[in-house]
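Here is the structure we will look at, set down as structure tokens.
In this note's numbering, the protein residues as written are 1 to 158.
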């Protein structure tokens, strides 16, 4: 069981790190959610400490990105309707596959709701949006993601 949890957490963290450059994936949010699920399953002091570090870094990352981009806070958060749809998908995922199903269901639900809301064409080509592939926002998110990943690896190894 521990190996499965560690493998799933590591895979989610890697996908989150990829999300820094593939702007359709919720990079830092996915990393944080993976650490949250891992900490709740492990339920040790080290796991909760890593979650605390991840939370501080995720919030700091969002604040720094907000300051760099000069965007309003409303532009950084998905509308309540999209979050509600994602919560429904997360509930179904939880019934199907427990904690990892909750995470996957929420992410899929949010992706589908936002895709529908923003009317994104159904292509398989990679679109990077209006931001360049490597921007200041990407670099701050990558730094925060790598710091969280390092903290998680230290906790797992220790």
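Note that beta-carbon positions come from the ideal geometry of N, C-alpha and C, so glycine has one too. Predicted model only: the values in this text are computed from it and were never measured.
Hey, is the region 49–60 in contact with the region 79–89, meaning 3+ C-beta pairs nearer than 8 Å?
-> no
Check whether the region 11–25 touches the region 42–50, counting contact only when three or more Cβ pairs, one atom from each stretch, lie closer than 8 Å.
-> no
When DSSP labels each residue in this structure, what does residue 133 get in the three-state scheme?
-> Unreliable placement is indicated for residue 133, whose pLDDT of 47 sits below 50; no coordinate value is reported for it.
Residue 21 in three-state terms, based on DSSP = coil
What did DSSP end up calling residue 44 once you bin it into helix, strand or coil?
-> coil
If you draw a straight line from the C-alpha of residue 141 to the C-alpha of residue 27, how long is it?
-> 8 Å
Taking the Cβ atom as the reference point for each residue, do residue 103 and residue 157 lie within a distance shorter than 8 Å?
-> no
Which value, in whole angstroms, describes the spacing of the CA atoms of residue 113 and residue 87?
-> 11 Å
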